[in-house]
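A.B. asks: Have a look at this one before I ask anything.
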Amino acid sequence: MRPAIIPVFAFVLALALPGVGAAGEAEPDTLSLRSMTPEELFIRASSAELQYRGLLEPARRLLVRRQEESIPYLVTQLDTDQPRERIALENLFVRIGEDAVPALIEALEEEALRDDTTRGARLAAYVLARIGDEAAVRPLIDQSGHGQWKMRSSVADALGHLGGPRAADALVGLLQDDDDSVRKAAAAGLDRIARDGPDVVRRHAEDALLEALDDEFYGVRFAASDALGRLGDELVPQLSRLAAEGAGRTRLLAVRSLGRIGGRDALREIAPYLDDESWTVRAHAAEAVGASGAMTRAARRRLEELAAGDTHPLVVAKAGAALEKSED
2 MRPAIIPVFA FVLALALPGV GAAGEAEPDT LSLRSMTPEE LFIRASSAEL
52 QYRGLLEPAR RLLVRRQEES IPYLVTQLDT DQPRERIALE NLFVRIGEDA
102 VPALIEALEE EALRDDTTRG ARLAAYVLAR IGDEAAVRPL IDQSGHGQWK
152 MRSSVADALG HLGGPRAADA LVGLLQDDDD SVRKAAAAGL DRIARDGPDV
202 VRRHAEDALL EALDDEFYGV RFAASDALGR LGDELVPQLS RLAAEGAGRT
252 RLLAVRSLGR IGGRDALREI APYLDDESWT VRAHAAEAVG ASGAMTRAAR
302 RRLEELAAGD THPLVVAKAG AALEKSED
């Protein structure tokens with residue numbers, strides 16, 4: 002038995018020796034990081050190279066700890082087109098937190114002036130939203146009229162995360178933007194604000210989202226419909242009125258929102274539209290009943306009739322899907 006002790010002892014000794022790993026590989030010399038510049042540290046903090054795999058997190062910790070010298074360098078890298086560098090910058094700035102906000106705001110304003118790209122400004126907006134400091138709201142609002150739609154869309158997204166009355170006002174304004182993607186981002190931003198904000202902000206957002214149900218772009222309409230469907234029972238009367246009195250697509254999306262609110266009250270309002278003369282309304286109503294999570298015998302019976310013999314194939318398909326969903 003004695004010979005077996007020798008390799009075990011050697012293995013334990015190897016683990017105990019500094020700079021030696023379990024596989025006999027040398028561990029990275031993290032002490033050498035202390036003499037590196039922010040640029041050298043960032044190379045390691047954002048690298049995918051095998052030789053730096055053990056230095057990534059130690060380098061990031063040092064950059065965060067030495068933020069007075071690292072922040073001025075890091076903001077100069079915001080316009081990078083390298084995904085790993087962008088992920089590293091996001092990680093570093095969020096960990097630094099509020100101390101990075103003044104420099105990020107300045108970078109946002111400077112990068113937004115560039116003619117060639119708004120990539121750096123958009124990353125600054127995203128990081129400011131992740132940090133969540135209210136000081137960023139006004140500078141972001143100032144960029145809501147930027148000439149490039151990608152920048153305005155990023156502003157809408159960031160304001161939605163930051164929230165508050167001023168952000169809500171700006172997002173309501175962006176719901177009138179000429180670009181479809183900007184309006185869709187504004188609707189998504191108002192969705193977050195309406196769910197998390199105080200009553201006065203919530204009502205302001207709800208009114209704007211109700212109007213957005215008639216937006217010319219389907220992506221905005223559906224984003225508004227999803228948002229309204231998450232806001233709860235208090236919107237049932239307003240959506241019911243739009244479903245009854247609205248024009249065209251507004252009726253359809255109001256019915257859809259009712260389905261997403263769910264429950265017996267919403268189902269009571271949806272059920273009559275299963276008999277609507279318009280096949281598009283019947284199809285939306287069938288889908289809404291399935292989404293509502295509530296199913297009465299009368300509603301099930303009507304869905305079975307639609308699935309068995311409606312004149313339009315989409316109504317048949319939606320009714321069948323709603324019945325299947327209710328059985329899950």
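Quick note: the sequence shown uses my numbering, first residue 2, plus one each step.
Don't be surprised by glycine CBs; every beta carbon is placed ideally from N, CA and C.
1) Buried or exposed, going by whether 16 or more other CB atoms sit within 10 Å of the CB of Ala213?
2) At the level of alpha carbons, what is the spacing between Ile97 and Arg184?
3) Scan the stretch 26 to 73 and note each continuous alpha helix (DSSP H) run of 4 residues or more that stays entirely inside, going in chain order.
4) Would you mind listing the alpha helix (DSSP H) stretches within the stretch 183 to 270 that are 4+ residues and don't spill past its ends, in chain order?
5) So the alpha helix (DSSP H) Ala287 belongs to, where does it begin and stop?
6) Using C-beta distances below 6 Å, list every residue in its chain close to Asp216, excluding the 5 sequence neighbours before and after it, in chain order.
7) So, with DSSP's three-state summary, where would you put Asp276?
8) When you compare only the Cα positions, how much space is there between Ala292 and Ala284?
9) Identify the continuous alpha helix (DSSP H) that holds Glu111 and give its terminal residues.
10) Could you check whether Pro73 and Ala104 sit closer than 8 Å to each other, using their CB atoms as the reference points?
11) Going by C-alpha distance, which of Pro199, Gly174, Arg193, Ala157 is nearest Ala186?
12) Applying the 10 Å Cβ sphere with the 16-neighbour rule, what's the burial state of Leu51?
13) Cβ atoms of Ala130 and Ala188: under 8 Å apart, would you say?
14) Only counting the same chain, and skipping five residues up and downstream in sequence, which positions put a Cβ closer than 6 Å to that of Ser241?
15) Between Pro59 and Thr38, is the Cβ-Cβ spacing less than 8 Å?
16) In angstroms, rounded to a whole number, what distance separates the CA positions of Ala299 and Ala308?
17) Would you mind giving the Cβ-Cβ distance between Arg231 and Arg261, rounded to the nearest angstrom? I have them listed as a contact below 8 Å.
18) Helix, strand or coil: which one does DSSP assign to Asp311?
19) Starting from Gly146, trace the alpha helix (DSSP H) both ways and give me its first and last residue.
C.D. replies: If we stick to the structure as given:
1) As a working note, residue 213 is residue 212 in the sequence shown. So Ala213 ends up on the buried side.
2) On the sequence shown, residue 97 is found 96 positions in, with the first residue counted as 1. On the sequence shown, residue 184 is found 183 positions in, with the first residue counted as 1. Rounded to whole angstroms, Ile97 to Arg184 spans 32 Å at the Cα level.
3) 39 to 46, 57 to 66
4) 200 to 213, 219 to 230, 237 to 246, 250 to 262
5) Taking the sequence shown and counting its residues from 1, the one referred to as residue 287 is at position 286. Run containing Ala287: 280 to 293, per the alpha helix (DSSP H) assignment.
6) For the purposes of this step, residue 216 is identified with residue 215 of the sequence shown, where counting begins at 1. Contacts found: Arg222.
7) Sequence index remark: in the sequence shown, residue 276 carries index 275 (1-based). Here Asp276 sits in helix by DSSP.
8) As a first step, residue 292 is located in the sequence shown; it is residue number 291 there, counting from the start. As a first step, residue 284 is located in the sequence shown; it is residue number 283 there, counting from the start. So the two alpha carbons sit approximately 12 Å from each other.
9) As a first step, residue 111 is located in the sequence shown; it is residue number 110 there, counting from the start. Element bounds for Glu111: 102 to 112.
10) Locating residue 104 in the sequence shown gives position 103, counting from the first residue. Locating residue 73 in the sequence shown gives position 72, counting from the first residue. Contact: yes.
11) Counting from 1 along the sequence shown, the entry for residue 186 is found at position 185. Among Pro199, Gly174, Arg193, Ala157, the Cα nearest to that of Ala186 is on Ala157.
12) For the purposes of this step, residue 51 is identified with residue 50 of the sequence shown, where counting begins at 1. Leu51 is exposed by the Cβ-count criterion.
13) By 1-based counting over the sequence shown, the position of residue 188 is 187. By 1-based counting over the sequence shown, the position of residue 130 is 129. It is not a contact, given that the beta carbons lie outside the stated cut-off.
14) For the purposes of this step, residue 241 is taken as residue 240 along the sequence shown, with counting starting at 1. Glu270, listed in sequence order.
15) Locating residue 59 in the sequence shown gives position 58, where the first residue counts as 1. Locating residue 38 in the sequence shown gives position 37, where the first residue counts as 1. No; because the gap between Cβ atoms is not below 8 Å, this pair is not in contact.
16) Numbered from 1 along the sequence shown, position 298 holds the residue referred to as residue 299. Numbered from 1 along the sequence shown, position 307 holds the residue referred to as residue 308. Approximately 14 Å between the Cα atoms of the pair.
17) Here residue 231 refers to the residue found at position 230 of the sequence shown. Here residue 261 refers to the residue found at position 260 of the sequence shown. Yes, Arg231 and Arg261 are in contact; Cβ-Cβ is about 7 Å, under 8 Å.
18) The count along the sequence shown starts at 1 and reaches residue 311 at position 310. Three-state result, Asp311: coil.
19) Within the sequence shown, the letter at position 145 stands for residue 146. Element bounds for Gly146: n/a, residue is neither H nor E.
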